[in-house]
Structures are given as C-alpha cells and as structure tokens.
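Undergrad: Provided herewith is a single structure, encoded as structure tokens, for subsequent inquiry.
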Ligand code: FAD
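In our numbering, the protein residues as written are 156 to 296.
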C-alpha cells in the first residue's frame with residue numbers, strides 16, 4: 156500500500172454541483188479500487204490525500220494528471236503506507252470555506268490567509284498533519 160498527497164488548482168471556481176460530481180465518481184471508483192482518503196477545497200485550491208494499493212493509487216494519479224477540471228497537480232508527499240488514516244472514507248470531503256473553525260485545531264489560523272499551496276509545498280509534513288485533523292470531523296458531502 157502507498158499514500159500520495161498532492162495539491163492542485165481548480166480550472167474554474169467550483170460550484171457545489173461541480174464538487175458533488177467529482178465526489179460521486181470518486182467514491183464509486185475508490186470503493187472499486189480500495190482507495191481511501193480526503194479531499195479539501197478552498198479558494199480554487201485542492202489538496203487531496205490518496206491511500207490504497209500502490210498500482211491503484213498510481214493509476215488514479217495518472218487520471219488526475221489529465222483531468223481538465225484542475226491544473227498544476229503537484230505531489231507533495233508519497234510513500235509506503237502501513238495503516239490507513241481515512242479507513243472509513245472512499246473520499247472524505249470538506250469545503251474549507253464552510254467548515255466550522257472551532258472543530259479543527261489550527262484551522263482558524265489557516266483560514267485567515269488564502270490557502271497557500273506554496274507554504275504547503277515548503278512544509279509537506281505540516282500539511283499532512285493538518286489533514287489528519289479531519290479524521291474525526293462530521294462530513295459535509
Ligand atoms: P468518468 O467520470 O466517466 O469521466 C470520463 C472522462 O471525462 C474523464 O477523463 C474525466 O476526467 C472527464 N470528465 C468527467 N467529468 C468532467 C467535467 N465535468 N469536465 C471535464 N472533464 C470531465 N477520481 C477517482 O476515481 N477518485 C478520486 O479520488 C478522485 N479525486 C479527484 C479529485 C479532484 C480534485 C478532481 C478534479 C478529480 C478527481 N477524480 C477522482 C476524478 C478523476 O480525475 C477522473 O476524472 C475519474 O477518476 C475518471 O473516472 P471514470 O473513468 O469513471 O470516468
């Protein structure tokens with residue numbers, strides 16, 4: 156098993172329906188492919204954690220690279236995975252502009268600035284730790 160964490164930029168501002176389209180297909184495919192993880196969206200930026208069998212994660216990453224709904228897909232961290240972090244989620248999702256800040260430690264700091272992918276790219280382990288805050292949160296969609 157492996158994990159892969161990447162950031163990307165939405166090709167256009169995502170409406171709720173655009174995000175739901177992505178999630179519906181993602182959850183269907185990820186159940187089939189034994190992939191779990193988390194997708195966050197804010198200010199036209201995505202950050203996504205993928206976990207699962209190596210060949211399936213690599214296959215999904217290839218599809219993601221050619222998806223015209225986002226650009227600048229950049230891998231921040233990847234490696235072997237001992238234990239899934241989002242075991243129960245074919246793809247957990249949060250639109251960060253709609254999350255109650257009290258539920259996520261560090262989120263209020265995070266939201267005061269624009270979603271800064273450059274900052275994340277410089278500190279990928281911090282980004283990974285930030286994502287883990289969402290493990291026990293109630294779901295949005
Ligand atoms: P279909 O959904 O049937 O799509 C067929 C083709 O049409 C694909 O090439 C697709 O990219 C393209 N397409 C579909 N809808 C649109 C649209 N509205 N505009 C332009 N092109 C479109 N897929 C997963 O399986 N798991 C994930 O976790 C996952 N996460 C994603 C996260 C983000 C931020 C984005 C943008 C996409 C994500 N996807 C995910 C979708 C992925 O990029 C592929 O589109 C999808 O896996 C292809 O599934 P499919 O073969 O069932 O094709």
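Positions of the beta carbon are idealized from the N, C-alpha and C atoms, including for glycine.
Taking all protein chains shown into account, decide if residue 175 is buried (16 or more other Cβ within 10 angstroms of its Cβ) or exposed.
TA: The residue given as residue 175 occupies position 20 in the chain shown. Its Cβ having fewer than 16 others within 10 Å, residue 175 is exposed.
Undergrad: Among residues of its own chain, excluding the 5 on either side of residue 211, which ones have a beta-carbon nearer than 6 angstroms to its beta-carbon?
TA: One-based indexing of the chain shown puts residue 211 at position 56. Only 188, 190 meet the Cβ criterion.
Undergrad: For residue 254, count neighbouring Cβ atoms within 10 angstroms of its own Cβ and tell me buried if that reaches 16, exposed if not.
TA: Against the chain shown, residue 254 aligns to sequence position 99. Residue 254 should be labelled buried.
Undergrad: Give the range of the alpha helix (DSSP H) segment to which residue 181 is assigned.
TA: Reading the chain shown from its first residue, position 26 is the one you call residue 181. 171-188 is the span of the alpha helix (DSSP H), which, as asked, contains residue 181.
Undergrad: Looking at residue 231: is its Cβ nearer than 7 angstroms to the Cβ of residue 160?
TA: In the chain shown, the residue the question calls residue 231 occupies position 76. In the chain shown, the residue the question calls residue 160 occupies position 5. Yes, Cβ-Cβ distance for residue 231 and residue 160 is below 7 angstroms.
Undergrad: What alpha helix (DSSP H) runs, 4 residues minimum, are completely inside the region 208-252?
TA: DSSP runs (the alpha helix (DSSP H)) wholly in the region 208-252: 209-220.
Undergrad: Output the boundary residues of the alpha helix (DSSP H) element that contains residue 282.
TA: In the chain shown, residue 282 corresponds to position 127, counting from 1. Note, residue 282: alpha helix (DSSP H), 279-287.
Undergrad: Pull up the distance between the alpha-carbon of residue 207 and that of residue 166, whole angstroms please.
TA: The count along the chain shown starts at 1 and reaches residue 207 at position 52. The count along the chain shown starts at 1 and reaches residue 166 at position 11. Cα-Cα distance, rounded: 27 angstroms.
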